[in-house]
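Structure first, commentary second.
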Amino acid sequence: MTDFALKVKGLTKTYPGNIEALKCIDLEVKSGDFYALLGPNGAGKSTAIGVISSLVTKSSGKVEILGIDIDENHSRAKRKLGVVGQEVNFAQFETVYQVLSHQAGFYGMPKAEVQENSEYFLKRLGLWDKRNDQGRNLSGGMKRRLMVAKALVNKPDLLILDEPTAGVDIELRRSLWDFLKEINDNGTTIILTTHYLEEAEKLCKNISIIDRGKIVKSSSMRSLLKELESETYVFELKKPIKSDFNNNFNFLKLSESSLSVQIDEKNNLNDILKFFSSNDIEILSMTNETNKLEELFLSLTN
Numbered sequence: 633m634t635d636f637a638l639k640v641k642g643l644t645k646t647y648p649g650n651i652e653a654l655k656c657i658d659l660e661v662k663s664g665d666f667y668a669l670l671g672p673n674g675a676g677k678s679t680a681i682g683v684i685s686s687l688v689t690k691s692s693g694k695v696e697i698l699g700i701d702i703d704e705n706h707s708r709a710k711r712k713l714g715v716v717g718q719e720v721n722f723a724q725f726e727t728v729y730q731v732l733s734h735q736a737g738f739y740g741m742p743k744a745e746v747q748e749n750s751e752y753f754l755k756r757l758g759l760w761d762k763r764n765d766q767g768r769n770l771s772g773g774m775k776r777r778l779m780v781a782k783a784l785v786n787k788p789d790l791l792i793l794d795e796p797t798a799g800v801d802i803e804l805r806r807s808l809w810d811f812l813k814e815i816n817d818n819g820t821t822i823i824l825t826t827h828y829l830e831e832a833e834k835l836c837k838n839i840s841i842i843d844r845g846k847i848v849k850s851s852s853m854r855s856l857l858k859e860l861e862s863e864t865y866v867f868e869l870k871k872p873i874k875s876d877f878n879n880n881f882n883f884l885k886l887s888e889s890s891l892s893v894q895i896d897e898k899n900n901l902n903d904i905l906k907f908f909s910s911n912d913i914e915i916l917s918m919t920n921e922t923n924k925l926e927e928l929f930l931s932l933t934n
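Under the working numbering, think of the first position of the sequence shown as 633, with each following residue one higher.
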């Protein structure tokens, strides 16, 4: 297997009227990764997913799925990919089982394999008892699970989920989390777009944030959260700071009488307060200005 499940280079999409939905984005997702693509409405997430899954024609750029260029070998690349879109996209009058078997037909899968995979995913997603029911009679949550099963029936190497838990209750959301963790642990690369930052934090190993058609930040989830573990305090002091002021806490001077400092494993708040006291520095106010993940997201996307 190639090192990268997905490589996107210089991807651009311009709609009529010179509307730029994607502005030369680059993206690399390693095989086996659980990757989050976050962004506000209209940021370009769904357009990017549409191009990757060949539902939207790109203006320029290159997309490779498991090392296969989607322009050079579209059918082979598509066999490696499963996509769960935001909208229900199966025939409402087909039975649950037929939805999966007809999807498998696009890949030329042997009948025995279709039966085996369909039974496995329907059971795993709690839909086996509904296999003979028409899709239109399912609840909203069951339709969402059926879409996941449909995308997985060919056991793709790369699964893309576009807002998979939008509008579903907390219990279903968490059961889907557990299922997605399981298939990722078994080797399926997953790309998730979501509005729920908690969802990305719980599931994903790496993250990119997209806004107005551009990638504004890419990072491992671990390093991002570690970056946010520290707390920023701002101290307003009674007197101006002396020019020879020296310390071991890496204070950042904001004005003549205000400082900021990162509180983390190295910088203990009690030690900092003791430092002020021992140097007869009187504090007028102390404010916690910590950036949480939500605040970071909002700041990056204005």
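Using N, Cα and C, we set each Cβ at its ideal position, and we do this for glycine too.
Small disclaimer: the values here were computed from a predicted structure and weren't measured.
- Per DSSP, Gly-642 is not a residue of any alpha helix (DSSP H); the beta strand (DSSP E) it occupies stretches across 636–647.
- For Gln-894, the uninterrupted beta strand (DSSP E) segment begins and ends at 890–895.
- In this structure, the beta-carbon distance from Leu-698 to Thr-825 does not fall below 8 Å.
- In this structure, Asp-794 sits away from Val-695, with a CB-CB distance that is not shorter than 8 Å.
- The closest CA to that of Phe-636, considering only Lys-858, Leu-790, Asn-882, Glu-803, is found on Leu-790.
- Annotation for Val-780: Val-716 place their beta carbon closer than 6 Å to its own, counting only its chain and skipping 5 residues before and after.
- For Phe-867, the pairing in a beta bridge is given by DSSP as Leu-891, Met-918.
- Beyond the five residues adjoining it in sequence on each side, Leu-778 comes within less than 7 Å, by CB distance, of Phe-722, Val-728, Val-731, Leu-759, Gly-767, Leu-770 in the same chain, given in chain order.
- The three-state secondary structure of Asp-701, taken from DSSP, is strand.
- Taking the Cα positions, Phe-666 is about 19 Å away from Ile-657.
- The stretch 697–712 and the stretch 837–853 do not touch, with fewer than 3 CB-CB distances between them shorter than 8 Å.
- According to the DSSP assignment, Phe-666 belongs to the beta strand (DSSP E) that extends over 666–670.
- The alpha-carbon separation between Tyr-739 and Pro-672 amounts to approximately 34 Å.
- Less than 8 Å divides the Cβ of Met-853 from the Cβ of Glu-833.
- If you draw a 10 Å sphere on the C-beta of Leu-687, you find fewer than 16 other C-beta atoms in it, and that means exposed.
- Closest in alpha carbon position to Lys-690, among Ala-653, Asn-838, Lys-712, is Ala-653.
- When the beta-carbon positions are compared, Ala-783 and Gly-682 stay at least 8 Å from each other.
- Secondary structure note for Gly-674: it is in no beta strand (DSSP E), with a DSSP letter that is neither H nor E.
- With respect to the 8 Å criterion, Leu-916 and Glu-868 are classified as neighbours on the basis of their beta carbons.
- Taking the C-beta atoms as reference points, Lys-710 is found no nearer than 8 Å to Asn-749.
- Excluding sequence positions up to five before and after Glu-914, its CB lies within less than 6 Å of the CB of Lys-870, all in the same chain and listed in chain order.
- In the displayed model, Leu-793 falls within a strand according to three-state DSSP.
- Partner residues in the beta bridge of Asp-843, as assigned by DSSP, are Lys-846.
- The three-state reading of DSSP puts Leu-759 in coil, since its state is none of H, G, I, E or B.
- Counting only the Cα atoms, Val-785 lies some 8 Å from Gln-735.
- Listed in chain order, the non-local C-beta contacts of Pro-796 below 6 Å within the same chain comprise Val-716, local neighbours out to five positions each way being set aside.
- Beta-bridge annotation (DSSP): Gly-714 is paired with Leu-791.
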